[in-house]
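Visitor: The structure under discussion is supplied below as structure tokens; questions concerning it will follow.
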Amino acid sequence: MLNRLRTFVAAVGLLAVAGCTGDPEDGTDGAGGPVRVTVWAWYPEFKGVVEAFNASHDDIQVDWTNVGTGPDQYAKLKTAFTAGTGAPDVAMVEFQQIPTFLILDALVDMGQYGAGEDEDLYAEWAWQQATDGDKVYAIPVDGGPMALMYRKDLFDQHGIPVPATWAEYAAAAEKMKAADPDAYIASFGSDGGWLNGLMWQAGCRPYGYSLTEARDRVKIDLTNPDCEKVVEFYGDLVERDLMATDPFFTADATAALDSGKYWTWAAAGWTPGYVAGSLKNTAGKWAVAPMPQWAEGEDAQGDWGGSTFTVTTQAKNPEAATVVARELFGTSEEAWDIGLNKAFLYPLVKDVASDPAFTGKAYEFFNGQKVNEIFVPVSEKLGDFDYTPFQDFVFGDLLDRCAEATSGTREWDTVLDATQDNVVDYAKKQGFTVE
1 MLNRLRTFVA AVGLLAVAGC TGDPEDGTDG AGGPVRVTVW AWYPEFKGVV
51 EAFNASHDDI QVDWTNVGTG PDQYAKLKTA FTAGTGAPDV AMVEFQQIPT
101 FLILDALVDM GQYGAGEDED LYAEWAWQQA TDGDKVYAIP VDGGPMALMY
151 RKDLFDQHGI PVPATWAEYA AAAEKMKAAD PDAYIASFGS DGGWLNGLMW
201 QAGCRPYGYS LTEARDRVKI DLTNPDCEKV VEFYGDLVER DLMATDPFFT
251 ADATAALDSG KYWTWAAAGW TPGYVAGSLK NTAGKWAVAP MPQWAEGEDA
301 QGDWGGSTFT VTTQAKNPEA ATVVARELFG TSEEAWDIGL NKAFLYPLVK
351 DVASDPAFTG KAYEFFNGQK VNEIFVPVSE KLGDFDYTPF QDFVFGDLLD
401 RCAEATSGTR EWDTVLDATQ DNVVDYAKKQ GFTVE
């Protein structure tokens with residue numbers, strides 16, 4: 001399957017690294033030795049991916065370290081860039097964090113080393129987020145196209161149709177509550193990426209930033225109607241005790257999913273692996289359906305999560321580092337065997353995602369359903385979406401305002417107004433012009 005993908009990077013080969021003289025400053029082992037490239041990443045089962053790369057490359061070898069997950073790694077990266085030393089050659093970076101590291105002048109344009117040739121390999125939306133104009137700052141790896149996971153046995157038992165619209169979803173929540181007063185249609189989890197994915201699906205495009213167009217200009221538009229309808233819709237479900245407020249990925253939330261307390265979860269393409277390993281009591285009782293739409297007949301989609309490989313500006317040999325970023329996953333059959341079957345990543349390489357081995361995979365947890373037949377078209381239909389250079393602040397403030405609403409100290413229809421004001425104020429204090 002993936003052998004044909006290698007034609008996209010064949011022109012790069014080993015670049016010029018085979019001719020390195022062995023200068024330690026270039027990251028080599030010495031005269032005649034391979035170029036050594038340091039990588040920070042926290043992918044599950046990544047050790048096997050690194051071993052596969054090293055076994056297939058004589059001239060480049062990867063030295064991998066897991067310095068922490070998400071925020072922990074980012075904090076170490078920022079410390080290294082502030083100090084001017086200590087960063088790896090290649091770093092795993094989530095899509096929403098790319099502008100943050102761009103503004104720090106921390107990422108190399110891999111386009112100068114041939115990475116632009118990979119554009120057709122990847123889902124269009126992912127390539128858009130990984131690039132800025134004609135500059136390639138990241139190589140996509142995995143994503144999180146969203147769909148609705150639901151308790152098929154309970155919906156069938158009580159004669160509740162699977163909702164095709166959000167209005168039908170609210171009606172299903174009411175019928176659920178009548179059938180089981182202790183149940184909730186889902187939880188309004190404390191996760192900025194999840195809420196962001198719901199806004200994306202609703203047509204909300206609240207952010208805009210391009211380093212190449214204007215370093216100090218950013219768009220913030222959280223109060224547009226497409227954003228507001230999401231927060232107010234979910235807020236109404238919470239207010240009516242139809243939706244819980246447990247944070248995701250906690251023991252309580254996992255127990256609720258596994259006990260019948262929660263009947264649905266607007267989840268992502270990486271969910272099948274997560275739930276199969278976490279929910280032991282309800283295996284075979286769940287199914288996956290397309291996300292409900294805001295208007296009947298629409299086909300709008302959202303994404304929750306996703307990551308890339310970047311080359312840092314502290315890389316000793318950015319050309320060799322680019323080979324690593326492009327080839328750790330992108331064209332490796334061995335890597336994707338691990339990524340799909342052990343790490344349960346959702347692939348952003350189009351030919352991997354569309355391969356019958358992936359789309360036709362039946363999941364025991366979902367009673368044999370081929371759930372990737374739902375997720376793959378979502379990724380294919382996703383539209384563009386941008387982030388800010390301070391997305392952590394945006395998500396943090398948004399979740400704080402939502403927490404105020406769930407506690408009853410704020411009205412839901414003021415959540416985004418307050419977040420907009422706070423984010424705009426923060427951006428201006430950082431020297432940005434806000435549109």
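Read left to right, the sequence shown gives residues 1 to 435 (UniProt numbering). Glycine included, C-beta positions come from ideal geometry on N, C-alpha and C. The structure presented is a predicted model; accordingly, all values stated were derived computationally and were not measured.
(1) Could you say which of Pro140, Val424, Lys229 lies nearest to Ala295 if we only look at CA atoms?
(2) Can you tell me which of the three DSSP states Gln391 falls into?
(3) Consult DSSP for Thr38 and reduce its assignment to one of helix, strand or coil.
(4) Within the same chain, show all residues whose beta-carbon is closer than 7 Å to that of Thr245, passing over the 5 residues directly before and after it, in chain order.
(5) Do you know how far the Cα of Leu195 is from the Cα of Val275?
(6) If the criterion is Cβ atoms closer than 7 Å, does the pair Trp263 and Phe344 meet it?
(7) In this structure, does DSSP put Thr322 in helix, strand or coil?
(8) Enumerate in chain order the residues of its own chain whose CB-to-CB distance from Arg401 is below 7 Å, with the five nearest sequence positions on each side excluded.
(9) Straight-line CA distance for Leu5 to Asp156?
(10) Measuring CB to CB, does Leu348 end up less than 7 Å from Ala183?
(11) Given Val434, which residues of its chain have a CB within under 7 Å of its CB, disregarding the five upstream and five downstream residues?
(12) Just to confirm the assignment, what range does the beta strand (DSSP E) spanning Met146 have?
(13) So the beta strand (DSSP E) Met92 belongs to, where does it begin and stop?
(14) So for Ser332, helix, strand or coil by DSSP?
(15) For the alpha helix (DSSP H) containing Tyr128, list its first residue and its last residue.
(16) Under 8 Å Cβ to Cβ from Val363, same chain only, skipping five residues before and after it: list those, please.
(17) In or out: Thr250 buried (at least 16 other Cβ within 10 Å) or exposed?
(18) Assuming the contact rule is C-beta atoms closer than 8 Å, Gly197 and Trp304 should be a hit. Round their C-beta distance to whole Å, please.
(19) Using DSSP with H/G/I as helix, E/B as strand and the rest coil, what is Lys135?
(20) Compute the Euclidean distance between the alpha carbons of Asn341 and Lys361, then round it to the nearest angstrom.
(21) Please classify Arg240 as buried or exposed, where buried requires at least 16 neighbouring CB atoms within 10 angstroms.
(22) If you draw a straight line from the C-alpha of Ala268 to the C-alpha of Gly33, how long is it?
(23) With respect to 6 Å, is the separation between the Cβ of Glu333 and the closest non-hydrogen atom of the ligand FAD below this value?
(24) Okay, do the stretch 285-292 and the stretch 103-111 touch, 3+ Cβ pairs below 8 Å being the bar?
(25) Can we say the stretch 136-150 touches the stretch 174-181, given the rule of at least three CB pairs closer than 8 Å?
(26) First and last residue of the beta strand (DSSP E) that includes Gly305?
(27) Exposed or buried, which one is Gly19 when buried takes at least 16 other CB atoms within 10 Å?
(28) For Asp142, count neighbouring C-beta atoms within 10 Å of its own C-beta (all shown protein chains included) and say buried if the count is 16 or more, exposed if not.
(29) So if DSSP puts Ser187 in a beta bridge, which residue, or which two residues, is it bridged to?
(30) Alpha carbon to alpha carbon, what distance is there between Lys280 and Glu334?
(31) Can you tell me the Cα-Cα spacing of Gly235 and Thr79, whole angstroms?
Guide: Reading it off the structure:
(1) The sequence position of residue 295 within the sequence shown is 295, counting from 1. The option with the nearest alpha carbon to Ala295 is Lys229.
(2) Here residue 391 refers to the residue found at position 391 when the sequence shown is read from its first residue. DSSP, reduced to helix, strand and coil, places Gln391 within a helical segment of the structure shown.
(3) Translated into positions along the sequence shown, residue 38 becomes position 38. If DSSP states are grouped into helix, strand and coil, Thr38 belongs with the strands.
(4) Working through the sequence shown from its first residue, we reach residue 245 at position 245. Excluding its 5 nearest sequence neighbours in each direction, Thr245 has C-beta neighbours in its own chain below 7 Å: Ser187, Phe188, Val238, Thr406, listed in chain order.
(5) In the sequence shown, counting from the first residue as 1, residue 275 sits at position 275. In the sequence shown, counting from the first residue as 1, residue 195 sits at position 195. Whole-angstrom Cα-Cα distance: 20 Å.
(6) Your numbering for residue 263 matches position 263 in the sequence shown. Your numbering for residue 344 matches position 344 in the sequence shown. For Trp263 and Phe344, no; Cβs fall outside 7 Å.
(7) Counting from 1 along the sequence shown, the entry for residue 322 is found at position 322. Helix, per DSSP.
(8) For the purposes of this step, residue 401 is taken as the residue at position 401 of the sequence shown. Once the five neighbours on either side are set aside, the close Cβ partners of Arg401 are Arg410, Val415, Ala418, Thr419.
(9) Your numbering for residue 5 matches position 5 in the sequence shown. Your numbering for residue 156 matches position 156 in the sequence shown. For Leu5, the predicted structure reports a pLDDT of 34, less than 50, and the residue's modelled location is therefore unreliable. A value from the coordinates is still provided. C-alpha separation (whole angstroms): 43 Å.
(10) Here residue 348 refers to the residue found at position 348 of the sequence shown. Here residue 183 refers to the residue found at position 183 of the sequence shown. It is not a contact, given that the beta carbons lie outside the stated cut-off.
(11) In the sequence shown, counting from the first residue as 1, residue 434 sits at position 434. Here the set comprises Val218, Ile220, Val424, Ala427, Lys428.
(12) Along the sequence shown, read from residue 1 onward, the residue named residue 146 stands at position 146. Counting along the chain, the unbroken beta strand (DSSP E) around Met146 starts and ends at 139-151.
(13) Locating residue 92 in the sequence shown gives position 92, where the first residue counts as 1. Looking at the DSSP string, the run of the beta strand (DSSP E) that includes Met92 is 90-94.
(14) Taking the first residue of the sequence shown as 1, we reach residue 332 at position 332. Residue state, collapsed to three classes: coil.
(15) In the sequence shown, the residue the question calls residue 128 occupies position 128. The sequence shown places Gln at residue 128, rather than the Tyr named in the question. Element bounds for Gln128: 124-130.
(16) Taking the sequence shown and counting its residues from 1, the one referred to as residue 363 is at position 363. A small fix is needed here, since residue 363 is Tyr in this sequence, not Val. If we look at Tyr363 and ignore the five residues flanking it on each side, its Cβ neighbours are Pro272, Ala276, Gln369, Lys370, Val371.
(17) Walking along the sequence shown from the start, residue 250 turns up at place 250. Under a 10 Å Cβ-count criterion, Thr250 is classified as exposed, with fewer than 16 other Cβ atoms of the shown protein chains found around its own Cβ.
(18) Residue mapping note: residue 197 aligns to position 197 of the sequence shown, counting from 1. Residue mapping note: residue 304 aligns to position 304 of the sequence shown, counting from 1. With a Cβ gap of about 4 Å, Gly197 and Trp304 count as contacting.
(19) As a working note, residue 135 is residue 135 in the sequence shown. Three-state result, Lys135: strand.
(20) Residue numbering aside, residue 341 sits at position 341 when the sequence shown is read from its first letter. Residue numbering aside, residue 361 sits at position 361 when the sequence shown is read from its first letter. Those two C-alpha atoms are separated by around 10 Å.
(21) One-based indexing of the sequence shown puts residue 240 at position 240. Within 10 angstroms of the beta-carbon of Arg240 lie fewer than 16 other beta-carbons, which makes it exposed.
(22) Walking along the sequence shown from the start, residue 268 turns up at place 268. Walking along the sequence shown from the start, residue 33 turns up at place 33. Taking the straight line joining both Cα atoms gives about 43 Å.
(23) Here there are no bound small molecules, and the ligand FAD is not part of this structure.
(24) no
(25) no
(26) As a first step, residue 305 must be located in the sequence shown, where it is residue number 305. 303-311 is the extent of the beta strand (DSSP E) around Gly305.
(27) Along the sequence shown, one-based indexing puts residue 19 at 19. Confidence at Gly19 is low in this model, with a pLDDT of 30, below 50, so its placement is unreliable and the value that follows should be read with caution. Flag for Gly19 reads exposed.
(28) Start at 1 with the first residue of the sequence shown, and residue 142 comes out as number 142. Buried, by the Cβ-count rule.
(29) For the purposes of this step, residue 187 is taken as the residue at position 187 of the sequence shown. Paired residue(s): Ala244.
(30) As a first step, residue 334 is located in the sequence shown; it is residue number 334 there, counting from the start. As a first step, residue 280 is located in the sequence shown; it is residue number 280 there, counting from the start. Computed Cα separation, rounded: 29 Å.
(31) Within the sequence shown, residue 235 is the residue found at index 235, counting from 1. Within the sequence shown, residue 79 is the residue found at index 79, counting from 1. Rounded to whole angstroms, Gly235 to Thr79 spans 38 Å at the Cα level.
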